[in-house]
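**Student:** First, the structure itself, so that you have it in front of you.
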Amino acid sequence: MPTKAKSKTTKKRKKTLVIVESPAKAKTIEKYLGRNYHVIASKGHIRDLPKSQMGIDFEDNYKPKYISIRGKGDTIKELKSEAKKAKDVYLASDPDREGEAIAWHVAHALNLDEKAKNRVTFNEVTKDAVKESFKHPRTIDMDTVDAQQARRVLDRIVGYSLSPILWAKVKKGLSAGRVQSVALKLVIDREKEIKNFKPKEYWSIDAEFAKGKETFKSAFYGVDGKKKELANIDSVKDVLAKIDKKKDFVVDKVVARQRRRQPAAPFTTSTMQQEANKRLGYRTRRTMSIAQQLYEGISLGKQGTVGLITYMRTDSKRTSPVAQQEASKFLHENYGAEFAAKSQRHFKNQEDAQDAHEAIRPTSVYRTPESLKSVLTTEQYRLYKLIWSRFLASEMTPAVYDTVRADIVQNGVIFRTTGSKLKFTGFTKVYDNQQEKNVDLPDLEEGDKVKMTKSDNKQHFTLPPARYTEASLVHALEENGVGRPSTYAPTIDTIQRRYYVKLDGRSIVPTELGEIVDGLIESFFPDITDVDYTARLENELDEVEDGKKDWVHVVDEYYQPFKKELNKADSEIEKVQIKDEPASFNCDICGAPMVIKMGRYGKFYACSRFPDCRNTKPIIKEIGVVCPKCGKGQVVEKKSRRNRKFYGCSRYPECDFVSWDKPIGRNCPNDGHFLVEKHSKKGPVILCPNGDYREDSENEKTINIENIGE
258 MPTKAKSKTT KKRKKTLVIV ESPAKAKTIE KYLGRNYHVI ASKGHIRDLP KSQMGIDFED
318 NYKPKYISIR GKGDTIKELK SEAKKAKDVY LASDPDREGE AIAWHVAHAL NLDEKAKNRV
378 TFNEVTKDAV KESFKHPRTI DMDTVDAQQA RRVLDRIVGY SLSPILWAKV KKGLSAGRVQ
438 SVALKLVIDR EKEIKNFKPK EYWSIDAEFA KGKETFKSAF YGVDGKKKEL ANIDSVKDVL
498 AKIDKKKDFV VDKVVARQRR RQPAAPFTTS TMQQEANKRL GYRTRRTMSI AQQLYEGISL
558 GKQGTVGLIT YMRTDSKRTS PVAQQEASKF LHENYGAEFA AKSQRHFKNQ EDAQDAHEAI
618 RPTSVYRTPE SLKSVLTTEQ YRLYKLIWSR FLASEMTPAV YDTVRADIVQ NGVIFRTTGS
678 KLKFTGFTKV YDNQQEKNVD LPDLEEGDKV KMTKSDNKQH FTLPPARYTE ASLVHALEEN
738 GVGRPSTYAP TIDTIQRRYY VKLDGRSIVP TELGEIVDGL IESFFPDITD VDYTARLENE
798 LDEVEDGKKD WVHVVDEYYQ PFKKELNKAD SEIEKVQIKD EPASFNCDIC GAPMVIKMGR
858 YGKFYACSRF PDCRNTKPII KEIGVVCPKC GKGQVVEKKS RRNRKFYGCS RYPECDFVSW
918 DKPIGRNCPN DGHFLVEKHS KKGPVILCPN GDYREDSENE KTINIENIGE
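Here it is in structure tokens:
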């Protein structure tokens, strides 16, 4: 009997739709979830405040007026189309305030039920983590959404209120922001400290002693059992007058100890940005971009695409017990039990840390940097290695040092020497952020006699505080409670793009334009540049997220005094005239005088007949040194495409001389190569690029006391 033919038309099963932020992440998550799921990306926010107007109804509890973002029409159409065909819709944007707000905006655009349990979050893009998150869907957290709305509304009010004033009173095209204004103030206040700094003189006496054939170094400590500061040359003479170099010194108070150095916590956003800047030279925005790639997933061949690190916007130092157990197992297998911490570590968070996510760590320590080197770019590999090493080290035993301290005494004058020797590497086998060197001493016992073989008497001057780098500015923002992990990189990037600050090497230097803007804001809007006030506001936003405060009340508390300041500023601020300076030469096109103008990217030469004549020239700074290569041109200061300072010949391209370091106009006495000035932590140092020749920096001079007249 023939079998019945199957129907050719079978009903197509509906899939579950998952909406994420990133297209790269969408492909990975769809593979993890299987064929019953379809994953698409919103590509970030789909709704925001309009650019052409304030977009806030001040009469109706600061209600934001959201519109579809220009250019997102096709994306919204696709989201609606796929949602209609789907069995269920899940919102899986990033696990932070912005991600929660994106989920809420998408829910509005698709007319989804806000009370439905359709929100899923995961801290790492791995198969297990993603699948587990879909077992525990929740509703959209409106407290978190409200915290994001409060920040967005406040930033819009400040930006769209201050910018027109700056346009009218200073220069067209200027703008100001809430957190950016604080960052700019920090940079300018540091510059004021440097300019107002008065060096203070102090001296040191360094000596070399010998016990038999062995020598060791020591430094002056004090007199008659008490520490003594050497404030001037007279105090040095008083000490030296008590010393007889021909006689023996006696070793006194030998203290031998063991010192244990603990590992640092795994990375938060701030510490990752700081270390990447210091060790790898990465700018904060670059670091976050690379970290985003590592989080969203890298193709590992047969394994598919895998997220290599946990979510990279966090201020928590906490790590999951599962990750700690895996790290312990890895250490036992690859390094030995003596390198694995005896119990799970708990690092203390900063007081205002949100602790919403784990610290930044590898999703599996078994994916070692070396095993991934062939599939990662150089940048990805270097940052991943930094994150992997830091996390693994945080689960390791302390480094142990044998230390010795001894006082060397004659006639009451005390020289103190310290020695340190690494006994057990511990966590430094994987990650060492201090690079301590062994300082070996001969065996010293109390009562031993030693001879002074050398002594150097050095005059020093205290140095001003260092300018901020991107790393130290991030640290300052975090330390002062200004901003949150997601804001550090865009804040620093914004004040650079607006040319309120510029980079000089790695140092952040305020521009004249930045100083003008900061002066106006500080004079008329003191709360905006008040670090403590901004930090309190950040804490209030955290309280909104925790459900302890109403977002409208927080915005109103901030806006009412700001409104009064606005009215006062509009009537009292006088127009700032940024006058053109004469350039002392004429235009080579029309013959009119050239002037120095202030532009978006700094000062430049322009024809005074602008716009009739549009001749412009960059300002080239001569350093007063003849080119060491051709001997004809002048060495001039230039900027690379990445805004890094370098030095070249004014006769380029006829002469192709170039140097990253500043030539000083003298040659090395050893090999005749031109000498250059480099900057160290102690100040400028003059050295020869080819050899060992080096001169002391200006703040440190070796002086022979015996040759100084009374």
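If you want the working numbering, it's the position in the sequence shown, counting the first as 1, plus 257. For glycine and all other residues, C-beta sits at the position ideal for the given N, C-alpha and C.
(1) Just the Cα atoms here: how many angstroms apart are K271 and V346?
(2) Can you give the Cα-Cα distance for K935 and Y790, rounded to whole angstroms?
(3) Evaluate R376 with the Cβ neighbour count: other Cβ atoms within 10 Å of its Cβ, from every protein chain shown; 16 or more gives buried, anything less gives exposed.
(4) What do you reckon, are the CB atoms on V410 and Y323 nearer than 8 Å?
(5) Would you call the region 448-467 and the region 708-720 touching, i.e. three or more CB-CB distances under 8 Å?
(6) Assign Y745 to one of three DSSP states: helix, strand, or coil.
(7) For a quick check, are the C-beta atoms of A792 and G554 less than 8 Å apart?
(8) Considering only C-alpha positions, which residue in the set P352, G676, V387 is nearest to F473?
(9) Ignoring anything shorter than 3 residues or poking outside the region 630-704, list the beta strand (DSSP E) runs there in chain order.
(10) Whose C-alpha, out of D845, H302, F861, is nearest the C-alpha of V852?
(11) Where does N961 land, buried or exposed, given buried means 16+ other C-beta within 10 angstroms?
(12) Leaving out the 5 sequence neighbours to the left and right, which residues in its chain are closer than 6 Å to K574 when beta-carbon positions are compared?
(13) Select from V893, Y745, V275 the residue whose C-alpha is nearest the C-alpha of W917.
(14) Could you pull out every residue in the same chain whose Cβ sits closer than 7 Å to the Cβ of Q601, ignoring the five residues on either side in sequence?
(15) Which residue from S556, E911, E458 puts its Cα closest to that of G888?
(16) What number of angstroms, rounded off, separates the C-alpha of I276 from the C-alpha of Y294?
(17) Verify whether the separation of the beta carbon atoms of I765 and R435 is less than 8 Å.
(18) When DSSP labels each residue in this structure, what does I276 get in the three-state scheme?
(19) Roughly how many angstroms separate the alpha carbons of I835 and C844, rounded to a whole number?
(20) Nearest-angstrom Cα distance between P699 and N668?
(21) Candidates R292, N534, A360, G291: which alpha carbon is nearest S299's?
(22) For L423, name the three-state secondary structure that DSSP assigns.
(23) How far does the beta strand (DSSP E) with Y552 in it extend, from its first residue to its last?
(24) Tell whether a beta-carbon distance below 8 Å holds between V788 and V731.
(25) Using C-beta distances below 7 Å, list every residue in its chain close to F931, excluding the 5 sequence neighbours before and after it, in chain order.
(26) Is the distance from the Cβ of G929 to the Cβ of R908 below 8 Å?
(27) Can you confirm whether the region 490-500 touches the region 740-753 when touching is taken to mean that 3 or more C-beta pairs between the two stretches lie within less than 8 Å?
(28) So, does the region 329-341 touch the region 307-317, judging by three or more C-beta pairs under 8 Å?
(29) Can you give the Cα-Cα distance for S585 and I566, rounded to whole angstroms?
(30) Rounded to whole angstroms, what is the Cα-Cα separation between A533 and A548?
(31) Where DSSP assigns a beta bridge to P619, which residues make up the other side?
(32) According to the neighbour-count rule (16 or more other Cβ atoms, all chains shown, within 10 Å of its Cβ), is P230 buried or exposed?
(33) Take A404 as the anchor and find which of R755, K470, K452, V811 has the nearest alpha-carbon.
(34) Going by C-alpha to C-alpha distance, which of K854, E287, A826, D412 sits closest to P839?
(35) Tell me where the beta strand (DSSP E) around V439 begins and ends.
(36) Hey, how far is the Cα of S418 from the Cα of I303?
**Tutor:** For this structure:
(1) 11 Å
(2) 40 Å
(3) buried
(4) no
(5) yes
(6) helix
(7) no
(8) G676
(9) 656-667, 670-681
(10) F861
(11) Confidence in N961 is poor, its pLDDT being 43 and thus under 50, which makes the residue's placement unreliable; the coordinate value appears in the next sentence. By the 10 Å Cβ count, N961 comes out exposed.
(12) A522, F604, N606, A616
(13) V893
(14) P578, Q581
(15) E911
(16) 11 Å
(17) no
(18) strand
(19) 21 Å
(20) 23 Å
(21) A360
(22) helix
(23) That residue, Y552, is in no beta strand (DSSP E); its alpha helix (DSSP H) goes 541-553.
(24) no
(25) P885, P920, N924
(26) no
(27) no
(28) no
(29) 18 Å
(30) 11 Å
(31) I566
(32) With the chain represented from 258 up to 967, any question about residue 230 goes unanswered, as that position is not in the structure.
(33) V811
(34) K854
(35) It is not in any beta strand (DSSP E) - V439 instead sits in the alpha helix (DSSP H) that spans 435-453.
(36) 25 Å
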